[in-house]
Every structure is written in C-alpha cells, then in structure tokens.
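S.K.:
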Amino acid sequence: AQNVLWRDHQINIIDTPGHVDFTAEVERSLRVLDGVTVVLDSVAGVQAQSLTVWRQADKHHVPRIVFVNKMDRIGANFEYAVSTLTNRLYANAVPIQIPIGQEADFQGVIDLVEMRAYYYEWTDPSAEVDRSGRLEPREADVPADFLEQANAAREELVAKVAEFDDDLAELYLMGEEVPAEMLKASIRKATIELDIFPVLAGAALRHRGTHQLLDAVLDYLPSPMDLPPAVGFEPLHPDKQIERHPNNNEPLSALAFKVISDEHAGRLIFLRVYSGILKRGMSVYNPSTRGRERIGRLLRMRADVREPVDEAGAGEIVAAIGLKSTKTGHTLCAVNAPVAMAQIDFPEPVLSISIEPESRNDKNKLTATLMKLVDEDPTLILSTDDESGQLLLAGMGELHLEIILDRMKLEYGVSCNRGRPRVAYRETIGSIAEAEGRFVRQTGGRGQYGVCSLRIEPLPRGSGLEFESEITGATLSTEWYSAIEKGFREAAASGVVAGYPVVDVKAVLTDGAQHDTDSSELAFQIAGSLAFKAAMHKASPQLLEPIMRQEVVMPAEMLGTVIGDLNSRRAKIQSMETVEPKPGQAGIGSVMAYVPLSETFNYSTDLRSLTSGFGDFNMELDHYGVMPKHVLESLGR
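Numbering (our numbering), first residue to last: 181 to 817.
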C-alpha cells in the first residue's frame, strides 16, 4: 500500500499482481478499495489474467477506470485494446482520451472532455525530474490533423454518457455544446454507478499520461463519501446489522486486510479505517478473538519511506505495529461499540507439496519461516502428513508455491527439498444408503455401549456436511446426538475411496440404542463414525477432482493446436473465438475450457512450446467434478 498526495487529495494505492495464483492479493485489496485502475497492455489488450481480476471487481461492485499502457511500444493499438474490453469483458468502455500518435510516434494525449492536448516532451523522465523537481506536460490546442478524429470521439463519448444522464441527453439531442464540467460530472456519476468504464492512454515507464491518470482517479473514481456506509453486525447477534459511515465522529471500525513480516518492525498489519479515528497507543477490540489489542505504532507507507503518524481517520489506509493476535479479515473496533465486518472470503488451496529441510538443523527454522508466510497469506495452509510425518504446504497453484519457496530462500535464507505436487481431491457419494454403527464392549466393570443408525444422502456441490435427526420418541436420549455428529464429522475427514475429505453429504440419525450405565460420549462417537463408514461403502462413493476454468489466448493460427492439446488433457471446450485487431495484423485466438487440475501440471511450459512463446493462459478453480471411472481405475482405485 502506498500513499500519495495529488491536487491536495490523499490517494491510497495498492498494487496487486494479475496472475490468478495470487487471487488472494486481489480479493483482499478489492474488499477495502473504493475504486480500481485496470492497466492494460496496448498491444495485447485484455489478457487471460485480466478476465479473473475483472470478475472479482464485478463481484465487489468496484468502479473502474482503464489505463492503456505502453503506447510507445511497437505494435501499440489503442483502438484494439479498447475493443477487447467490449468483446472479452463485455464492458461499456468509454475512451475519454485519444492518443496523439502510437508506437515511436506517441507524443501525448487529447483530453476529450476539455478538448485539450497534452504533450510529453521529455525522453529521460528520471533526469528531467532530477533537474526540475517536477515533470509537467505541455498543454496546447488540439492539433489540426487530429481535430476531426477528436471531435468524432467526443461526440461518441457524449452519446454514451447521455444514456445515463437525462439532462445531458437533452442537450445532446438538441445539438447544443455540452460544457466540460457538466460532462465531467456525468462521467463521474456513471462511473461510480458502474454504467461506464472510462479509458485513458499513456506510457507509464516514461511518465507519459500519469498526470492525467491521477487527475482521472480524483475526477471519476469515488471517495469514501460517495459510497454507501460499511455494513457490519453485532458480534454476539450476527442477524443485527450495524452501519458505519466514513465519519471521524463515529465509533472506530477498521478491517485488517494484509499482514507482512518485517525483519525490524515485526508484524505489520495493514488496516482500512471505515469510521472513527485510529490512534497510536489506543486499546481496540477484536471480535474474532474476543480480546483487546493495543496499537503500538501507526505508519503511513510512501514508497520506501515509512512515515510515523499519530492517528488515521475514516477512509485512510495505514500499517499498525504491535498487534499480536489480529489476522487478515479481522475487524478492529471501539471497545465500547463493538462491530464485526464480514470476513474476507478466500478460495481453498487446490495443490500441495511436501517440504523437507535440506538438513535436520534447519527444521525449526523452516517451520518458523513457513508459519510467518502462512500468517501473511490466507490461501496457504500448512499441515502434517499423518502417514509420513512430512510437512505439507498447500496453495493456489504451481506458480504460487514456487514463489513462496523462492521467498523462503531469498528473504529468510531457508532452502528445502520439495516433493511432487499433490491435487486436493475430495470424496462424496452418489446414492442414499443406511447402516448401523455398534460399539459395545463388556470388560467386567463398566463397559462401553453405543448403537446408532445413519442414513446418508448426497447434497448439491458446495453444501459441505450436514447432520440432523429424525428420531421421534424416547428411543435415544438427545444428549448423545452431538457425540454421534462428532463421530460422523471425524470419519468424514477421511473417505473410503482414497482417504480424502468427504464433502456434500447429509447424515440423518434414524435410530439408536443406549444402556443405562455403559453408554458414554466416546461410545456414541465411535458408533457414529462406524455407521458413516459402513453407509458410505454402500452409497456409491465417488472421487471428486478440482475442475479449473481455463482461458487461453494465442495467435489465431495456433488455435487448433492448442485445442487439440486441451482435448488430450480431458478438457471440455466451452467456447472459442478469433479476433482480428485490424486489417493486415495477425489474428488472436482464445478458448475457454474446463480442465481437471491434475492435467494442468507444467501447462505453462507446454503452452510456451506449443505457441513458440506467444501463448498466455489464466486458470481458476471453478468446481469439483466426479472423476471418470476409467481414470479412477488407471490410478489403481
């Protein structure tokens, strides 16, 4: 998170990676941001990774502006990049600028709202900044050779925005000139309401277009005051909602959205303050831990500079030091006015690897390092293999885990040996079945006695595990129900097909028997476990595998080759298309398919080979599907 000042306004910027393996970074950032700047490559336009990030922003209803970057690159094509927003994201993209030239001829941009041209006349921005301390584009009239194009583009801009503003539409239909301030206000309103997505152009590496981009952030993206209040709930009464407005006079509410481990400062907790004032040294309440924490220090992050501050008000993002129990997704609030914000939802890891230290002496250091990384990244899970005793690290994909291992080596000096990737399979059932579980032991003294019958039924995907009783009368005392449910859930942690967790099953307690003196919680817990295992054997057990939604982009002439390779990986092709940027340019092909995760290992390398390095892909978990019988048999199951 970075904090910058622009036109007397404070802007908090969070940069996130676009790759889907780092979806957690995007997810937690979108949760706390008020607006997004989507950066596109001027040559490629919308890439495979852009699709997932755009969908995440849609889910959180976050307003967006788009910056078409690298306009000075060979092959830059502003019109094509804009068209991919419409064709691939189905976004109502509205250019509010047009570039003055492209590739090596890129000189500046024309602002279609003000109808002014801005030229970037520096070649080495770092040298210019060192001499003058400031880089300012030269403002001028729209050049004569671009005037016709600019007028047509402005008319199209006004027409699109007028669809969402009756006053603007009236002026437009009467053929009258639309004032710049009126147009700017209409663009802002339509952007905040997600009706349009303004598009700008530039070349950020050389500071070309970045001034107008920052202006657009202030002009078109919302401030905290433009958005509805944050909604939480009473910690002890989740059904009772509480609103927190972006007002310093309201009780404190803040959300922890990121944790990093710093060599010198320890744990840094990044917080978005929604209401009230967060002060250094104050005591705050954490509803997730039901405990108090004390704010040690507060830092405002500005590039490499950490600026200590005494307080942060509503709408600000700061880093806090001294919080011991707060984790990503936790709410911090006023002690006398508790509120809990909804937790940040993260997808479950789909891939794991075994990890061993290179030497026994490194074992404790390895474990400590992994614990720090797991604390930082909610999509990492560290566990121990019950059979081998090896450490297992689960993450979102191959790239995710590779980068984690690289970080261990570079940042912490810890090297390790890694095993082959393991897919996070699940098990379920295909039919209804019933069985009895009986745990009876007579040893002369007090024995053990627990008998129960369970009927198990398949549930829709994503339902998890459910338990209920349909026993009527006094057949079995209700005091044993929780023990039977505990036995069922413990048994479901390891299925009968291959020992993977069982999901999407409902267990119904139908009957049971008890003994006046020998019955115990342990006996009924074991009986519940035995009943579930026996019933699952009879209920057509199935192995579920992660099915990934995979989108691949490549040169159009390679589309057939890529589809053939996907088919060999048990993919189910859902759609394919070919787009020609403009006459004379090579076409671009894309395909969307559902592919089992187990078939995607090394796909990045294979795709580069198939497409001579020109292919790109994006992949995210879509659902769990039943593994075909012939594949199951080939695995020896």
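Ideal placement from N, C-alpha and C gives every residue a C-beta, glycine not left out.
Contact defined as beta carbons within less than 8 Å: I believe Leu801 pairs with Met756. What is the distance between those atoms, to the nearest angstrom?
M.R.: Contact flag wrong, Cβ pair sits at about 22 Å.
S.K.: Does DSSP put Thr623 in a helix, in a strand, or in coil?
M.R.: Three-state DSSP puts Thr623 in coil, outside helix and strand.
S.K.: Count the C-beta pairs between the segment 206-223 and the segment 745-755 that are closer than 8 Å, then say yes if the count reaches three, no if not.
M.R.: The segment 206-223, when compared against the segment 745-755, does not touch it at the 8 Å Cβ threshold.
S.K.: Can you give the Cα-Cα distance for Val184 and Asp555, rounded to whole angstroms?
M.R.: Taking the straight line joining both Cα atoms gives about 28 Å.
S.K.: Given a cut-off of 9 Å on the beta-carbon distance, is the pair Leu573 and Ser532 in contact?
M.R.: Going by C-beta atoms, Leu573 is nearer than 9 Å to Ser532.
S.K.: Report the option in Arg750, Arg386, Glu473 whose CA atom is closest to the CA atom of Pro808.
M.R.: Looking at the Cα atoms, Arg750 is the closest of the given residues.
S.K.: Are at least three pairs of beta-carbons, each pair with one atom in the segment 707-717 and one in the segment 613-630, less than 8 Å apart?
M.R.: Yes, the segment 707-717 touches the segment 613-630.
S.K.: From what residue to what residue does the alpha helix (DSSP H) around Asp525 run?
M.R.: Counting along the chain, Asp525 falls outside any alpha helix (DSSP H), and DSSP gives it neither H nor E.
S.K.: In the DSSP output, which residue or residues are listed as bridge partners for Ile245?
M.R.: For Ile245, which the question treats as bridged, DSSP gives the partners Thr217.
S.K.: With H, G and I counted as helix, E and B as strand and the rest as coil, what does DSSP make of Leu560?
M.R.: In the structure shown, Leu560 sits in coil (DSSP, three-state: anything other than H, G, I, E or B).
S.K.: Quick check on DSSP: helix, strand or coil for Ala322?
M.R.: Correcting the residue type first, residue 322 is Val in the shown sequence and not Ala. In this structure, Val322 counts as coil in the three-state DSSP scheme.
S.K.: Taking the alpha-carbon positions, what's the Arg296 to Phe326 distance?
M.R.: Roughly 11 Å between the two C-alpha positions.
S.K.: In terms of alpha-carbon separation, which member of Gln392, Ala687, Pro527 lies closest to Thr203?
M.R.: Per the Cα distances, Pro527.
S.K.: For Gln730, which residues does DSSP report across the bridge?
M.R.: DSSP, once it has assigned bridges, lists Ala773, Met799 as partnering Gln730.
S.K.: Could you give the distance in angstroms between the alpha-carbon of Leu124 and the alpha-carbon of Arg486?
M.R.: In the structure as shown, the chain starts at 181 and stops at 817, and residue 124 therefore has no counterpart that could be examined.
S.K.: Per DSSP, what kind of secondary structure is Gln628 in: helix, strand or coil?
M.R.: It is a strand residue.
S.K.: Below 9 Å between beta carbons: does that hold for Leu588 and Thr547?
M.R.: One detail in the question is off: residue 588 reads as Met in this sequence, not Leu. It is not a contact, given that the beta carbons lie outside the stated cut-off.
S.K.: Buried or exposed for Ser312, going by 16 or more other Cβ atoms inside 10 Å?
M.R.: A caution first: Ser312 carries a pLDDT of 43, below 50, which makes its placement in the model too unreliable to give a value.
S.K.: Could you check where the beta strand (DSSP E) with Ala177 kicks off and where it finishes?
M.R.: No statement about residue 177 is possible, as the shown extent of the chain runs from 181 to 817 and does not include it.
S.K.: Where Gly215 and Thr371 are concerned, what is the direct C-alpha to C-alpha distance, given to the nearest angstrom?
M.R.: The alpha-carbon atoms of Gly215 and Thr371 are separated by roughly 10 Å.
S.K.: Less than 8 Å between C-beta atoms, sequence neighbours within five positions excluded: which residues of the same chain meet that for Gly644?
M.R.: These residues qualify, in order along the chain: Val683, Asp684.
S.K.: Looking only at C-alpha atoms, which of Gly281, Ile245, Gly795 sits nearest to Pro275?
M.R.: Nearest of Gly281, Ile245, Gly795 to Pro275, Cα basis: Ile245.
S.K.: Using a Cβ-Cβ cutoff of less than 6 Å, which residues in the same chain neighbour Pro468 once the five nearest sequence positions on both sides are dropped?
M.R.: Note on residue identity: the sequence assigns Ser, not Pro, to residue 468. Hits under 6 Å: His510.
S.K.: Leaving out five residues before and five after Phe797 in sequence, what residues of the same chain have Cβ atoms less than 8 Å from its Cβ?
M.R.: So the qualifying residues of the chain are Ala228, Gln730, Glu731, Val732, Val733, Tyr783, Ser784, Leu787.
S.K.: For Asp250, does the count of other Cβ atoms within 10 angstroms reach 16, so buried, or fall short, so exposed?
M.R.: It is worth fixing the name first, because residue 250 is Lys in this sequence and not Asp. With 16 or more Cβ atoms within 10 Å of its Cβ, Lys250 is classed as buried.
S.K.: Could you check what DSSP says for Arg750 in three-state terms: helix, strand or coil?
M.R.: Arg750 falls in the coil class under three-state DSSP.
S.K.: From the DSSP output, which residues share a beta bridge with Trp302?
M.R.: DSSP, once it has assigned bridges, lists no residue as partnering Trp302.
S.K.: Where does Gln705 sit, in a helix, a strand or coil, going by DSSP?
M.R.: Gln705: helix per DSSP, three-state reduction.
S.K.: Residues in the same chain with beta-carbon distance under 8 Å from Arg626, minus the five sequence neighbours each way, listed in chain order, please.
M.R.: Once the five neighbours on either side are set aside, the close Cβ partners of Arg626 are Thr697, Asp698.
S.K.: Among Ile497, Ala499, Asn544, Tyr270, whose alpha-carbon lies nearest the alpha-carbon of Asp375?
M.R.: That would be Tyr270, whose Cα lies nearest to the Cα of Asp375.
S.K.: Rounding to the nearest angstrom, what Cα-Cα distance links Ser230 and Ala517 in this structure?
M.R.: So the two alpha carbons sit approximately 40 Å from each other.
S.K.: Straight-line CA distance for Leu398 to Val379?
M.R.: Answer to the nearest angstrom: the Cα atoms are 14 Å apart.
S.K.: Taking all protein chains shown into account, do 16 or more other C-beta atoms lie within 10 angstroms of the C-beta of Ile706, making it buried, or fewer, making it exposed?
M.R.: Buried, by the Cβ-count rule.
S.K.: What residue range does the beta strand (DSSP E) around Ile278 cover?
M.R.: Counting along the chain, the beta strand (DSSP E) containing Ile278 begins and ends at 277-280.
S.K.: Give the single residue among Gly495, Ala494, Arg480 whose Cα lies nearest to the Cα of Pro488.
M.R.: The candidate whose alpha carbon is nearest that of Pro488 is Arg480.
S.K.: Suppose contacts are defined by Cβ-Cβ distances below 9 Å. Is Val226 in contact with Gly382 by that definition?
M.R.: In this structure, Gly382 does not lie closer than 9 Å to Val226 by Cβ.
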